[in-house]
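Take the sequence shown: its position 210, counted from the start at 1, is 195 in the working numbering, and no numbers get skipped.
Positions of the beta carbon are idealized from the N, C-alpha and C atoms, including for glycine.
Remember, predicted model here, so these are calculated numbers, not experimental data.
For reference, the structure discussed in these notes is given below.
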Amino acid sequence: MFPFKLSKWMGLSCFRSFVASLPNIRRKKLIHKLQEDKAFREEIKIFHRKMKDFREEMWNFQSKIRVFRDQILGFWEEERSFWEEEKTFWNDEKAFWEMEKSFQKEEKTFWKKYHIFWKEDKAFWKEDNALRKRDQNLLLENKALWEEETALWIEEQALLEEEKALWEDKKSLWEEENALWEEEKAFWVEGGGHIAEEQILENGHLNINGGPQSPAFFRGRA
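Below you can see the structure in the form of structure tokens.
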């Protein structure tokens, strides 16, 4: 009985260890997800800084446009220097449009990455909810197994107490039997056996061998 109960308890303990390890898997996934969120927020901050820089460049370019218009209105007599400044302006405008083109590419890449991140985020939380429900079910099963194990332990304790009581009764019987044997032994050693034989002969009680029966026999019959 005991080896069977012990192996069953060991199996339940292993199952509880397996169940206890399941929340660790979910925790690792959550940590990985938080790290990805943090990295993506950093990319958003970088993109905002680039957007801010682009706006400043756009404002600077607008300032250059206003300056250029003022130069057109105020310095017609300086036509030669004006055309040099106009050439510089068109070069700056070209550089600006190249910068805008590069920014549009980065913006397109950013929004594409954001769309992928949003899909992965949705799938992650869906999987996390499924894992959370599975963990709850496993915890309920573990609780039921623990209650069953507790009931078995209580039942076994009751059986042990009953076995202990039976052992005490058996021990008392042995002690009583030993006392009877000691008493009978002392009776025969002290010569009581001869008196018993005379009483047996007077009463006409003989054993199957034709001799007197021992006092223990009469105690047993009594």
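A direct Cα-to-Cα measurement between K155 and E175 gives close to 30 Å. Looking at the backbone, the Cα of I31 and that of T135 are separated by about 58 Å. Look at E175 here: in three-state DSSP terms it is coil, with no helix or strand label. Taking 8 Å as the upper bound for CB-CB distance, F46 and Q56 are not in contact here, some 15 Å apart. Your pair M84 and E42 checks out as a contact, with CB atoms roughly 6 Å apart and the cut at 8 Å. Within the same chain, Cβ atoms closer than 8 Å to the Cβ of E78 are found at F46, the five residues on either side in sequence being excluded. The beta carbon of F25 sits closer than 7 Å to those of F102, all from its chain and outside the five residues before and after it, given in chain order.
The alpha-carbon separation between K118 and D22 amounts to approximately 24 Å.
In this structure, the CA atom of L165 is about 26 Å from the CA atom of E148. Under the criterion of beta carbons closer than 8 Å, F39 and F88 qualify as touching, at roughly 5 Å.
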